[in-house]
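In what follows, a structure is listed as structure tokens, so that the remarks can point back to it.
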Amino acid sequence: MPTALRLFRYVAIAEACSWAGLLIGMFFKYIADTGDLGVKIFGPIHGAMFVLYVAGVFAAARVERWSPKVIVLGLACSVPPFTSLWFERRMLARHRQPVAA
């Protein structure tokens with residue numbers, strides 16, 4: 001597996017984990033009304049993971065020669081929670097399929 005694709009995989013997983021942390025922090029801030037410490041911690045972490053995910057999409061797209069449509073899908077998957085995992089799994093499966101000659 002190319003390094004860019006491997007790094008994209010790690011960043012996609014980290015981005016999803018940061019989403020989970022941010023959502024939990026938001027629950028405690030807005031629903032449980034116990035404070036905003038979780039949002040203060042996971043907000044910047046998730047922001048950094050989001051930026052790294054976007055960079056990872058472009059890096060993996062260059063190495064794997066993704067079409068513009070696939071790139072847009074990958075970027076769109078950075079917005080809803082946990083869809084970066086779905087996209088990463090889909091691209092990894094696509095990478096592992098043998099190319100027809």
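All residue numbers for the sequence shown refer to UniProt numbering, where the first residue is 1 and numbers rise by one. Glycine included, every Cβ here is placed at the ideal spot set by N, Cα and C.
Check	Outcome
Tell me the residue span of the alpha helix (DSSP H) that contains A65.	Here residue 65 is Arg; the residue named in the question, Ala, does not match the sequence. Run containing R65: none; DSSP gives neither H nor E here.
DSSP three-state label for S84, please.	helix
Tell me whether the segment 51-61 and the segment 23-43 touch, counting them as touching only if at least three CB pairs, one residue from each stretch, are closer than 8 Å.	no
Exposed or buried, which one is A60 when buried takes at least 16 other CB atoms within 10 Å?	buried
Beta-carbon separation of S84 and A16 under 8 Å?	yes
Take K69 as the anchor and find which of P80, F87 and I24 has the nearest alpha-carbon.	F87
At which residues does the alpha helix (DSSP H) containing A16 begin and terminate?	T3 to M26
Roughly how many whole angstroms lie between the Cα atoms of L73 and D33?	35 Å
Tell me which residues share the same chain as S78 and place their Cβ nearer than 8 Å to its Cβ, disregarding the 5 neighbours each side in the sequence.	E15, F50, Y53, V54, V57 and S84
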